[in-house]
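>
In this note's numbering, the protein residues as written are 4 to 385.
#1: Please classify residue 364: is it buried, with 16 or more other beta-carbons within 10 angstroms of its beta-carbon, or exposed?
#2: Is it right to say residue 23 is buried, meaning 16 or more other beta carbons lie within 10 angstroms of its own, or is it exposed?
#3: Is it true that the segment 58 to 72 meets the segment 263 to 270, where meeting means three or more beta-carbon pairs spaced less than 8 Å apart?
#4: Can you tell which of 241, 198, 179 and 217 has its C-alpha closest to the C-alpha of residue 350?
#5: With C-beta atoms as the reference, is residue 166 less than 8 Å away from residue 144?
#6: With a threshold of 7 Å on Cβ separation, who are the neighbours of residue 4 within its own chain once the five nearest residues in sequence on each side are excluded?
#7: Does the distance from the C-beta atom of residue 190 to that of residue 102 stay below 8 Å?
#8: For residue 209, which residues from the same chain have a beta carbon less than 6 Å from its beta carbon, with the 5 sequence-adjacent residues on both sides left out?
#9: For residue 44 versus residue 257, is the C-beta spacing smaller than 8 Å?
#10: Among all the DSSP beta bridges, which residues are the ones paired with residue 107?
#11: Should the segment 327 to 342 be regarded as contacting the segment 297 to 317, the criterion being three or more beta carbon pairs within less than 8 Å?
#12: Helix, strand or coil: which one does DSSP assign to residue 48?
#13: Hey, would you say residue 97 sits closer than 8 Å to residue 122, going by beta carbons?
#14: Return the residue from the list 361, 306, 319 and 150 that minimises the CA-CA distance to residue 204.
#15: Can you give me the start and stop residues for the alpha helix (DSSP H) that residue 227 sits inside?
#16: Could you tell me which residues DSSP puts in a beta bridge with residue 27?
#17: Have a look at 155, 178 and 277 and flag the residue whose alpha-carbon is nearest the alpha-carbon of residue 220.
#18: Spatial neighbours of residue 10 within its chain, please: C-beta separation below 7 Å, excluding the five flanking residues on both sides.
#19: Distance check for residue 86 and residue 348, CA to CA, integer angstroms please.
#20: Run through the DSSP bridge pairs and tell me what residue 190 is partnered with.
#21: Enumerate in chain order the residues of its own chain whose CB-to-CB distance from residue 107 is below 8 Å, with the five nearest sequence positions on each side excluded.
#22: Among the residues of its own chain, which have a CB less than 6 Å from the CB of residue 175, if the five just before and after it don't count?
#23: For my contact list, residue 21 and residue 196 are in at a C-beta cut-off of 8 Å; report their separation, rounded to the angstrom.
#24: Given this structure, state the Cα-to-Cα distance separating residue 216 from residue 171, to the nearest angstrom.
#25: Tell me residue 135's beta-bridge partners as DSSP assigns them.
#26: Using only CA atoms, which one of 307, 51 and 225 lies nearest to residue 372?
#27: When DSSP labels each residue in this structure, what does residue 126 get in the three-state scheme?
#28: Taking the beta carbon of residue 233 as the centre, do at least 16 other beta carbons fall within 10 Å, making it buried, or is it exposed?
#29: How far does the beta strand (DSSP E) with residue 171 in it reach, from first residue to last?
#30: Run through the DSSP bridge pairs and tell me what residue 81 is partnered with.
#31: Identify the continuous beta strand (DSSP E) that holds residue 2 and give its terminal residues.
#32: Beta-carbon within less than 7 Å of residue 273's beta-carbon, same chain only, minus the 5 sequence neighbours each way: which residues are those?
#33: Measure the beta-carbon distance from residue 79 to residue 187 and round it to whole angstroms, keeping in mind my assumption that it falls under 8 Å.
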């Protein structure tokens, strides 16, 4: 009876700690880690030193879905220019530099970094579900602390990736990226759910509704390197959208070629959308960091489940089997409460994988309880 009285306050304490652990950090208005570069055009996406891979970073996005005219053709070529300097190197998962978000779960286009790789994912719009990607990339395309102009020129027959005006790699993929992929909200420095923070400087971005020639791409590199005061008047052909990041202050980034498609730097970090990652086997990038998170989610629920099982079994009103069943249900319920509460936290993304891991942790606690129950009598006899 005395042990049961002691187990109740211990259970309450462990439950509170588990809740705080699952919701940490309890920050409802996190800092948006985007700042203007000093003495030059551009913005910087950053994280504090020593921050974890799950640190939220910064985000910039369009005020509304992009107003991009599309023609009558099934596929319209396009060219994308990104003038940037990456600060990320080895380690970490896929970080989004430029991406688009529409009504479908899968983004139409993602231009990202994985280690030193430039990664480009284009959604297959021919698929009615719009849930599959075609992916290409460039090894060593993004070397840390090197300013580069990345040009992606996609036509009906092939897609070329240029670095500083020179062709780096060409893919024989038909109609990979078209104007139809430049739809929805434009997102810079992060994914639409705010879980893929990129680190680096962004000095310019231009979108074209045509396939630029190699000569034009080389000429544009000189323009970006020299950065004339009025890029919109100098650069030819005219772009659909042009951001030079010449404002150097404020919360707005203006499109230089039209009075529309402007960008906003939110004062606090807030992702474009919140969702519960249900199909984690498809939407999750498996790496060492994720394996570590899985282990933490499993082991983190063992103390709570073990204390609950000790409390239930100590009352002798439930059999061990029924107490174990209630413990697993309680573990899943507590995990569900944590994941739903995370919808109110801008830096956290609820996931079905977390619920499964937490429930597995509760099951592991039952196994530990049974082992202790068998070992304890043997120790007393010895």
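C-beta atoms are modelled at their ideal positions from N, C-alpha and C, and glycine is treated no differently.
Taking the definition as stated:
#1: buried
#2: With fewer than 16 Cβ atoms within 10 Å of its Cβ, residue 23 is classed as exposed.
#3: Contact between the segment 58 to 72 and the segment 263 to 270 is present, because at least three Cβ pairs lie under 8 Å.
#4: 198
#5: yes
#6: Confidence at residue 4 is low in this model, with a pLDDT of 48, below 50, so the placement of that residue should be treated as unreliable; the coordinate-derived value is given next. Excluding positions up to five away in sequence, the list is empty.
#7: yes
#8: 84, 242 and 245
#9: The Cβ atoms of residue 44 and residue 257 lie no closer than 8 Å to each other.
#10: DSSP lists no partner for residue 107.
#11: yes
#12: strand
#13: yes
#14: 150
#15: 217 to 229
#16: None; residue 27 has no bridge partner.
#17: 155
#18: 310, 313, 314 and 317
#19: 32 Å
#20: 64 and 102
#21: 126, 133 and 134
#22: 161
#23: Their Cβ separation, rounded to whole angstroms, is 24 Å, which puts residue 21 and residue 196 out of contact at 8 Å.
#24: Rounded to whole angstroms, residue 216 to residue 171 spans 15 Å at the Cα level.
#25: DSSP lists no partner for residue 135.
#26: 307
#27: Looking at residue 126 - three-state DSSP - the assignment turns out to be strand.
#28: With fewer than 16 Cβ atoms within 10 Å of its Cβ, residue 233 is classed as exposed.
#29: Boundaries of the beta strand (DSSP E) around residue 171: 169 to 174.
#30: 157
#31: The structure shown does not extend to residue 2, since the chain spans only 4 to 385, so no value can be given for it.
#32: 349
#33: So it is not a contact: roughly 16 Å between Cβ atoms.
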